[in-house]
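The sequence shown maps to residues -26 to -1, 1 to 162 in mature numbering (1 follows the signal peptide of the UniProt record, and there is no 0).
Below: one structure, written as structure tokens.
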Amino acid sequence: MAMRLVVMCVAVAGLWLAGPPMHSQAEERYEPNVIFGAAGLRDAISWPNKGESYHAYELFAAFPLPWRWEWPQGWTLSPYIEMSIGELRAAGKRGLMVAAVPGIIWRRQSWPRLSLLANIGVALLSEDDFGNQALGGAVQFILSPGLDYKLWPQWHLSYRYRHMSNSALYHPNPGLELHFLGLSYRFW
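Here it is in structure tokens:
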């Protein structure tokens, strides 16, 4: 059941990102003049989970997609793809973590410094057994809502809650919740 839900969500997100924009206003005002949209560093902790405390850090890059939707109420929705590479640590073990996640940014004109973020994607782990907790396998699915705050014109501070689990591909499937703080430089 959980696997079907994840497959459906990934399929819908893929079709949505691949399809033409449903409603776009003044496209000439939004033409990403850069392929590389943002780069940054995130650091994360987890609350003790079955006796293990996790720590993670990652370098990430975001790439804007060529669509943007605007609504009369001042909301703007912009899709992007984010890729990251980092390390996950717990119980004296370290593992490489690589992820690719499509996402969306919601902005409102009346909130020029604050954006809402949402990502869903896949991570690959080089290590999935950390002491008292095994994550079940190398393939992990990610769901990550968050907030982004503009500190200066290009510098942003972000918070991400990340749920990571193998979605019952393997046994066990304990899941892992991480809380990320990030600093990024945006080119768009």
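A virtual CB, placed ideally from N, CA and C, is assigned to each residue, including glycine.
About 6 Å separates the Cβ atoms of A13 and Y159, confirming a contact at the 8 Å cut-off.
Selection V96, I55, R68, D17 evaluated against D102 yields R68 as nearest (Cα-Cα). About 13 Å separates the beta carbons of V75 and I59, which is beyond the 8 Å limit, so they are not a contact pair.
Just so you know, the alpha carbons of R87 and G111 end up roughly 39 Å apart. Straight-line spacing of the CA atoms in S141 and E44 works out to 34 Å. G77 has its alpha-carbon roughly 17 Å from the corresponding atom of H130. With a beta-carbon spacing of about 6 Å, L157 and L15 fall inside the 8 Å limit used to define contacts.
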